[in-house]
Each structure stands twice: as C-alpha cells, then as structure tokens.
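Visitor: Per the numbering used here, residue 5 is the first one in the sequence shown, and the count goes up by one each step. Cβ atoms here follow ideal geometry from the backbone N, Cα and C, with glycine treated the same way. Predicted model, so just to flag it, every value in this text is computed and none were measured.
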Amino acid sequence: MLQYPAGQAPFLWRVEPAPGLHVAFTGVDAGNLAFHVSGTLAGEAARESTAAARHRLEDAMGVERGRTEYLSQVHSARVVPAQGRGWAGGRAPREADALVSATGCDPLAIMVADCLPVVLVSRPAGRDGITGPTAVAHAGRRGLLDGVLENTVHRLRQDGAGAGPGDIQAWIGPAICGRCYEVPEPMRADGAARIPATGSTTSWGTPALDLPAGADSVLTGLGVTVHHSGLCTLEDHSAYSHRREPGRGRSVGLVWQNQP
Ligand SMILES: [Zn+2]
C-alpha cells in the first residue's frame, strides 16, 4: 500500500454524506492525476508518476487500484454513463465532461485546475438513507454555459434520482473564484447574458466571471441543494491552478462508496 509522506494529506475537502458514501477533492499533495499534463517530467516518467499518484489515491480511498473511472475532458456538455471498468484497462477514456453512475457504486473522478469540479449524489424521491445515482462534472466556462450541469442533473433523474428538496445534493470543489477569473469584457457580457450570476469584477476592477456563483444558480434552479468549498485555486497554493502554473498538474473531484 502506498502512503502519503508524513504531514501530507491527499484531500483538501472531504465529506461523507451517508455512511460509506464519500465526496472528496484533492490538492497538490495528491500529485498530478492527469496523463495529459506532465508537470516537470516528460514521456514515460510522467506517465508512471501519474499512474502512481492514481494508485496511491485509490489506496487512500479504499478503492481497488485502477477501478476509478476517468474521462478525456473536452469542455463539452456531454454526459456518459459509467462503464464499471476503471482507468487501468488500457482503453482510451471516452470524450465527455460528466460521468454518471446509475447504481451510485462506481468510483468516479473528474480532473480540474481552476475549472469547477462538481460532485453530485442523490436518493430516490424522499427515500432517506438510500443512495441513488451519483455523478461528477467538469464545469469550466464553456461547459457551464453550454449546459453540462443541466444535462447531468437530467441524467441523474432519468436514472432514478428524486426531484424533491434534498433529493440531489451537489458539492462545488476548489475552483478559481469570481474575484480572480479575469476575462475580456465581451466574454463577461456573453456569460452574464446566458447565466446572469456569472457576471463579476476582479478584486483589481476588471471584467470577470464567477463560475461558482453561476453553477450555484443553475443547480439551485433545478432544485439541487448546493455546498461550496469556498476555496480559490488561484489564491490557495494547496490547489493546482492552470492560471498560476500552467501544466503543473490536475486535481480531481471524487465520489465513491465503500463499506461503512
Ligand atoms: Zn480567487
């Protein structure tokens, strides 16, 4: 079993919404978890480093090595169902930006560095204590504006999630905040026209987008209960930030179940 060095913890935020059901978000201590980003390494060394980081994380989760499902993320609004096969089988991951486990049993991961990692859990209508389908979504500017969260919630309900208050809960993990995510004015105007809550201004007075606020407004509008980490990846160096250090690494948002 691989261990983290003393004083290092893989998770910046971890909750257990029901016994044995886990939602968590990694930081830099968990290492780079993406194969498409190489940090300071190159070639096979980069590949091996990411594989080791994924194995060590799965050891900490209590999940069999290689069983967590990952995607090839392309800033789309596309949702795909979990296949129960994990990342270690040598198959190319599917291109999509959200992943749904109909049974709620598949360990799921979504990679980010500034974009929003959104983890969702559900129950069948009003059935307290019963875990329904689960999901992870990558909500960057494009995916959020194009409807990746609406599509994910829709898919959860198709798979049996209830539509009442508290039947779906979402956790928005560490992401760039609305006071840091500077964009050109036309981009702010486009975002605010499509999701008004995204319109923002940086702490230095220039146009910005507030993606966590935009995601909150979309999810709340769909009847989802939302929880925020409140942690900004650009300001907090315990998280990877593409804007601060492009290509250094990717964190993940996770949902998994194991025996309580
Ligand atoms: Zn910030």
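Does DSSP put Glu239 in a helix, a strand or coil?
Guide: Looking at Glu239 - three-state DSSP - the assignment turns out to be coil, as it is neither helix nor strand.
Visitor: To test your reading of the DSSP string, which unbroken beta strand (DSSP E) runs of 3 or more residues are found completely within the region 10-39?
Guide: For the region 10-39, whole beta strand (DSSP E) runs of length 3 or above, ordered along the chain, are 15-22 and 25-30.
Visitor: Just the residues with CB closer than 7 Å to a heavy atom of ligand 1, in chain order, which are they?
Guide: Listed by chain position, these are Ile180, Cys181, Arg183, Cys184, Cys236, Leu238 and Glu239.
Visitor: Quick check on the burial criterion: 16 or more other C-beta atoms within 10 angstroms. Buried or exposed for Ala117?
Guide: Answer is buried; the Cβ neighbour count reaches 16.
Visitor: Contact between the region 53-73 and the region 204-222 is defined here as three or more beta-carbon pairs at a separation below 8 Å; is this criterion met?
Guide: No, the region 53-73 is not in contact with the region 204-222.
Visitor: Could you check which residue in Phe15, Arg183 and Ala196 has the C-alpha nearest to that of Thr205?
Guide: Of the candidates Phe15, Arg183 and Ala196, the one whose C-alpha sits nearest the C-alpha of Thr205 is Arg183.
Visitor: Got a sec? Which residues, its chain only, sit under 7 Å from Arg98 by beta carbon, not counting five neighbours each side?
Guide: For Arg98, where only same-chain residues beyond five positions count, the Cβ hits under 7 Å are Leu75, Ser76 and Val84.
Visitor: Between the region 231-248 and the region 187-200, are three or more C-beta pairs nearer than 8 Å?
Guide: No, the region 231-248 is not in contact with the region 187-200.
Visitor: Can you check which of these residues, Ala34, Ala64 and Gly170, is closest to Ser53 by C-alpha distance?
Guide: Closest option to Ser53, Cα to Cα, is Ala34.
Visitor: Per DSSP, what kind of secondary structure is Val67 in: helix, strand or coil?
Guide: Of the three classes helix, strand and coil, the one that applies to Val67 here is coil, per DSSP.
Visitor: Quick one: what does DSSP say Ser233 is sitting in, helix, strand or coil?
Guide: Reduced to three states, the DSSP call for Ser233 is coil.
Visitor: In chain order, what residues of the same chain have a beta carbon less than 7 Å from the beta carbon of Ala196, not counting five sequence neighbours either side?
Guide: Once the five neighbours on either side are set aside, the close Cβ partners of Ala196 are Thr202 and Gly203.
Visitor: Go ahead and label Asn155 buried or exposed: buried means 16 or more other beta carbons lie within 10 angstroms of its beta carbon, across all protein chains shown.
Guide: Buried, because 16 or more other Cβ atoms sit within 10 Å of the Cβ of Asn155.
Visitor: To the nearest angstrom, how far is it from the Cα of Ala207 to the Cα of Gly93?
Guide: Per the sequence shown, residue 207 should be read as Ser rather than Ala. Each residue's alpha carbon lies about 45 Å from the other.
Visitor: Since Val125 contacts Thr138 with CB under 8 Å, what's their CB separation in whole angstroms?
Guide: With a Cβ gap of about 5 Å, Val125 and Thr138 count as contacting.
Visitor: For Asp63, which residues of its own chain have a beta-carbon under 6 Å away from its beta-carbon, when the five flanking residues on both sides are left out?
Guide: Answer for Asp63: Met5 and Leu6, listed in chain order.
Visitor: For Pro169, count the other beta carbons within 10 Å of its own beta carbon; 16 or more makes it buried, fewer makes it exposed. Which is it?
Guide: Pro169 comes out exposed.
Visitor: With DSSP as the reference, label Leu112 as helix, strand or coil.
Guide: The answer is strand: DSSP assigns Leu112 an E or B state.
Visitor: Once DSSP output is grouped into helix, strand and coil, what is the label at Val140?
Guide: Here Val140 sits in strand by DSSP.
Visitor: Should Gln7 be listed as close to ligand 3, given that the test is whether its C-beta is under 7 Å from any heavy atom?
Guide: Among the ligands in the structure shown, ligand 3 does not appear; only ligand 1 can be found there.
Visitor: What residue from Ile172, Arg89 and Val78 has the CA that sits closest to Val152's CA?
Guide: When only C-alpha atoms are compared, the closest one is Val78.
Visitor: Going by C-alpha distance, which of Arg58, Ala22, Gly209 and Ser233 is nearest Gln263?
Guide: For the residues Arg58, Ala22, Gly209 and Ser233, the minimum Cα distance to Gln263 belongs to Ala22.
Visitor: So, Ala96 versus Ile114, is the Cβ gap smaller than 8 Å?
Guide: No; because the gap between Cβ atoms is not below 8 Å, this pair is not in contact.
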